[in-house]
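Visitor: In our numbering, the protein residues as written are 5 to 472. I have a structure I would like to understand better, so I am pasting it below and will then ask my questions one at a time.
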Ligand SMILES: Cc1ncc(COP(=O)(O)O)c(C=O)c1O
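Right under this line is the structure:
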């Protein structure tokens with residue numbers, strides 16, 4: 005692909021590291037002012053403001069610098085890491101700024117936004133299976149280590165075992181908090197991914213303020229909170245919050261100074277992130293919800309005033325299509341729609357909520373097609389005065405325009421299907437299956453008024469939710 009606009013660059017030979025790297029760290033700290041913090045004052049450190057959008061920019065910078073210093077990474081070398089997220093973005097930023105090749109092995113469950121972001125930064129991606137565990141050749145960490153062994157000049161970063169990871173938090177994140185809090189900190193609430201943040205901060209605060217308590221915020225399903233409380237590693241479950249929680253104790257994680265641990269459900273984490281945006285106007289990622297929820301519980305449980313710090317580890321802009329999208333929240337079961345006890349419960353986008361993407365018979369096919377694309381749906385109802393008068397799907401449009409693309413300007417009325425599969429909400433499952441099995445969508449109409457559509461996707465989502 006050729007790029008359209010040439011961009012002016014400094015002459016080679018005078019190359020310096022891009023100045024953006026100097027913006028890593030020294031992140032702002034702000035006070036929570038509208039949520040109920042009990043007798044305490046709660047402050048959040050906005051790691052989301054790092055140029056790569058997360059706290060991981062810090063370790064990317066320090067792990068690459070350490071490898072340069074001890075000769076594991078030389079000019080022309082390749083930075084290799086297994087990563088499911090922010091570490092990859094940080095490494096891609098720093099490695100490309102320093103002209104290294106960067107190769108990231110990522111599990112195939114990563115969001116499209118993150119993969120596109122990594123590619124746009126110039127990282128090479130090897131996608132691998134997310135359904136295999138340690139010891140399997142396609143497990144992402146084993147694969148990254150193997151590739152690093154095969155590529156000449158490759159440096160395997162290994163954030164889970166790299167001492168430069170906790171060290172950077174001991175030397176930068178900790179001192180920044182200490183100064184920003186005017187040397188008065190009662191507790192630091194922290195999550196654990198690799199354990200770098202918690203370990204580095206534990207060491208720093210043990211030196212400067214041994215009375216400051218370290219508090220763990222852990223997603224429900226992770227084994228870490230249980231380990232802190234009982235010393236035993238229980239069996240792991242699954243969770244949707246990204247970046248924190250583990251099914252093992254990472255080699256660099258030192259949990260010995262953690263005094264209290266909170267296990268936070270996905271529902272509470274996501275609701276707290278959304279509340280944080282509404283109340284404080286802070287757009288954090290999913291783990292920000294876990295950390296803030298744990299910090300709020302800690303604050304409210306205290307009987308004495310205290311000064312508490314936690315993090316906004318990454319920006320919520322990576323999660324707009326997930327937890328900040330009401331439909332995603334409904335589909336995942338985190339927002340409950342009104343229940344009727346009939347087929348209406350399967351309709352996730354309801355006309356009464358203004359949630360149905362629809363067209364009128366007078367709209368052009370181009371308008372209809374663009375609405376389908378933006379909403380990521382394959383069909384739209386054609387409405388007139390709250391009544392469905394037709395359905396238009398992708399194949400209706402294709403049949404109409406394939407010989408003559410100019411026909412995109414024709415009216416929807418010329419291409420829509422008027423044979424409608426209408427069901428009353430009281431109809432049975434068998435009636436619904438009959439409609440869907442004939443490649444149609446079911447139109448739910450109650451007392452003559454349109455309620456919404458049921459597609460195969462809606463039925464599958466409903467069935468999946470019923471097993472969780
Ligand atoms: C999204 C995200 N990434 C990274 C971290 C820190 O992880 P680590 O233990 O690897 O320092 C956190 C901690 O809260 C987090 O929420």
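Glycine included, C-beta positions come from ideal geometry on N, C-alpha and C.
Could you give the uninterrupted runs of the beta strand (DSSP E) lying entirely in the segment 322 to 380, keeping only those of 3 residues or more?
Guide: Qualifying beta strand (DSSP E) stretches: none in this window.
Visitor: Bridge partners of residue 158, per DSSP?
Guide: Counted from its first residue, the chain shown places residue 158 at position 154. For residue 158, which the question treats as bridged, DSSP gives the partners 82.
Visitor: Touch check for the segment 334 to 342 and the segment 351 to 365: three-plus C-beta pairs under 8 angstroms?
Guide: Result yes; three or more Cβ-Cβ pairs closer than 8 angstroms.
Visitor: Ligand 1 and residue 29: does any heavy atom of the ligand fall closer than 7 angstroms to the residue's C-beta?
Guide: In the chain shown, counting from the first residue as 1, residue 29 sits at position 25. No, ligand 1 has no heavy atom inside 7 angstroms of this Cβ.
Visitor: Is any heavy atom in ligand 1 found nearer than 7 angstroms to the beta carbon of residue 194?
Guide: Locating residue 194 in the chain shown gives position 190, where the first residue counts as 1. The answer is yes for residue 194.
Visitor: When we look at the beta-carbon of residue 441 and count the other beta-carbons within 10 Å, is it buried (16 or more) or exposed?
Guide: Position 437 of the chain shown, counted from the start, is the residue given in the question as residue 441. Label assigned to residue 441: exposed.
Visitor: Say whether chain B places a C-beta atom closer than 8 angstroms to the C-beta of residue 405.
Guide: Although the question refers to chain B, the structure presented lacks it and comprises just one protein chain.
Visitor: What are the start and end residues of each continuous alpha helix (DSSP H) run of 4 or more residues lying completely inside the segment 174 to 240, in chain order?
Guide: Listed in chain order, the complete alpha helix (DSSP H) runs (minimum 4 residues) inside the segment 174 to 240 are 178 to 184, 200 to 212, 228 to 234.
Visitor: Kindly provide the ranges of any beta strand (DSSP E) runs that are 3 or more residues long and lie completely inside the segment 232 to 290, ordered along the chain.
Guide: Qualifying beta strand (DSSP E) stretches, in chain order: 262 to 268.
Visitor: Look at the alpha carbon of residue 198 and the alpha carbon of residue 173, and state the distance between them as a whole number of angstroms.
Guide: Translated into positions along the chain shown, residue 198 becomes position 194. Translated into positions along the chain shown, residue 173 becomes position 169. Cα to Cα, the separation comes out at about 12 angstroms.
Visitor: With H, G and I counted as helix, E and B as strand and the rest as coil, what does DSSP make of residue 35?
Guide: Reading the chain shown from its first residue, position 31 is the one you call residue 35. Correct three-state label for residue 35: strand.
Visitor: Alpha carbon to alpha carbon, how far is residue 177 from residue 132?
Guide: Here residue 177 corresponds to residue number 173 of the chain shown, with the count starting at 1. Here residue 132 corresponds to residue number 128 of the chain shown, with the count starting at 1. Spanning the two alpha carbons is a distance of roughly 33 angstroms.
Visitor: Whole beta strand (DSSP E) runs in the segment 82 to 140 with 3 or more residues, listed along the chain?
Guide: Listed in chain order, they are 82 to 86, 105 to 111, 128 to 132.
Visitor: What is the DSSP secondary structure of residue 153, counted as helix, strand or coil?
Guide: Sequence index remark: in the chain shown, residue 153 carries index 149 (1-based). Three-state result, residue 153: helix.
Visitor: Am I right that residue 4 and residue 122 are in contact with their C-beta atoms under 8 angstroms? What's the rounded C-beta distance?
Guide: Past the edges of the chain, shown from 5 to 472, lies residue 4, and the structure says nothing about it.
Visitor: Would you grab the beta carbon distance between residue 169 and residue 327 for me? Rounded to a whole angstrom, and I think it's under 8 angstroms.
Guide: Here residue 169 is taken as the residue at index 165 of the chain shown, counted from 1. Here residue 327 is taken as the residue at index 323 of the chain shown, counted from 1. Between residue 327 and residue 169 the Cβ distance is about 27 angstroms, and since that is not below 8 angstroms, they are no contact.
Visitor: For the beta strand (DSSP E) holding residue 164, just list the boundary residues, first then last.
Guide: Taking the first residue of the chain shown as 1, we reach residue 164 at position 160. Run containing residue 164: none; DSSP gives neither H nor E here.
Visitor: Is the separation between the beta-carbon of residue 233 and that of residue 265 shorter than 8 angstroms?
Guide: Walking along the chain shown from the start, residue 233 turns up at place 229. Walking along the chain shown from the start, residue 265 turns up at place 261. Yes, the pair counts as a contact, with Cβ atoms nearer than the cut-off.
Visitor: Starting from residue 401, trace the beta strand (DSSP E) in both directions and tell me its first and last residue.
Guide: The residue given as residue 401 occupies position 397 in the chain shown. Premise fails: residue 401 lies in the alpha helix (DSSP H), 398 to 405, not in any beta strand (DSSP E).
Visitor: Use the C-beta contact count for residue 410: other C-beta atoms within 10 angstroms, 16 or more gives buried, fewer gives exposed.
Guide: Numbered from 1 along the chain shown, position 406 holds the residue referred to as residue 410. Looking at its Cβ environment, which holds fewer than 16 other Cβ atoms inside 10 Å, residue 410 is exposed.
Visitor: Quick one: does the C-beta of residue 209 sit closer than 7 angstroms to a heavy atom of ligand 1?
Guide: Counted from its first residue, the chain shown places residue 209 at position 205. Outside the cutoff, so no.
Visitor: For residue 193 and residue 273, I'd like the C-alpha separation in whole angstroms.
Guide: Stepping through the chain shown from its first residue, residue 193 is reached at position 189. Stepping through the chain shown from its first residue, residue 273 is reached at position 269. If I take the Cα positions, the gap works out to 14 angstroms.
Visitor: Using DSSP bridges, identify the partner residues of residue 385.
Guide: The residue labelled residue 385 in the question sits at position 381 within the chain shown. DSSP, once it has assigned bridges, lists 395 as partnering residue 385.
Visitor: Measuring from the CB of residue 315, is there a heavy atom of ligand 1 at a distance below 7 angstroms?
Guide: Your numbering for residue 315 matches position 311 in the chain shown. Checking every heavy atom of ligand 1 against the Cβ of residue 315, one is found closer than 7 angstroms.
Visitor: So, helix, strand or coil for residue 5, using DSSP?
Guide: Walking along the chain shown from the start, residue 5 turns up at place 1. With a pLDDT of 46 at residue 5, under the threshold of 50, the modelled position of that residue is not reliable, and no figure is offered here.
Visitor: Inspect the beta-carbon positions of residue 317 and residue 51 and report whether they are closer than 8 angstroms.
Guide: Counting from 1 along the chain shown, the entry for residue 317 is found at position 313. Counting from 1 along the chain shown, the entry for residue 51 is found at position 47. Against a cut-off of 8 angstroms, the Cβ pair of residue 51 and residue 317 comes out as a contact.
Visitor: State the start and end residues of the unbroken beta strand (DSSP E) segment that holds residue 454.
Guide: Translated into the one-based positions of the chain shown, residue 454 becomes position 450. Per DSSP, residue 454 belongs to the beta strand (DSSP E) from 453 to 458.
Visitor: So, residue 118 versus residue 94, is the Cβ gap smaller than 8 angstroms?
Guide: Residue 118 sits at position 114 when you count from the first residue of the chain shown. Residue 94 sits at position 90 when you count from the first residue of the chain shown. Cβ distance not < 8 angstroms, so residue 118 and residue 94 don't count as in contact.
Visitor: Return yes when at least one heavy atom of ligand 1 lies under 7 angstroms from the C-beta of residue 117, else no.
Guide: Taking the chain shown and counting its residues from 1, one reaches residue 117 at position 113. Checking every heavy atom of ligand 1 against the Cβ of residue 117, none is found closer than 7 angstroms.
Visitor: Can you give me the C-alpha to C-alpha distance between residue 5 and residue 403, rounded to a whole angstrom?
Guide: As a working mapping, residue 5 is identified with position 1 in the chain shown. As a working mapping, residue 403 is identified with position 399 in the chain shown. Unreliable positioning characterises residue 5 in this predicted model, as indicated by a pLDDT of 46, which lies under 50. A coordinate reading is not provided.
Visitor: Could you spell out the range, first to last residue, of the alpha helix (DSSP H) harbouring residue 436?
Guide: Taking the first residue of the chain shown as 1, we reach residue 436 at position 432. Where residue 436 is concerned, the enclosing alpha helix (DSSP H) stretches over 433 to 441.
Visitor: For residue 226, verify whether its CB is less than 7 angstroms away from any heavy atom of ligand 3.
Guide: In the structure on display, ligand 3 does not appear, and the ligands it does have are ligand 1.
Visitor: Assess, as a yes-or-no matter, whether the segment 297 to 315 is touched by the segment 204 to 224 under the definition of 3 or more beta carbon pairs within less than 8 angstroms.
Guide: A contact exists between the segment 204 to 224 and the segment 297 to 315.
Visitor: Between 129, 78, 45, which has its C-alpha nearest residue 304's C-alpha?
Guide: Here the question's residue 304 lines up with position 300 in the chain shown. Selected option, being the one with the closest Cα: 45.
Visitor: Leaving aside the five residues before and after residue 362 along the sequence, list all residues of the same chain whose C-beta is less than 6 angstroms from its C-beta, in chain order.
Guide: Mapped onto the chain shown, residue 362 falls at position 358. Counting only Cβ-Cβ distances below 6 angstroms, and skipping sequence neighbours, we find 384, 385, 387.
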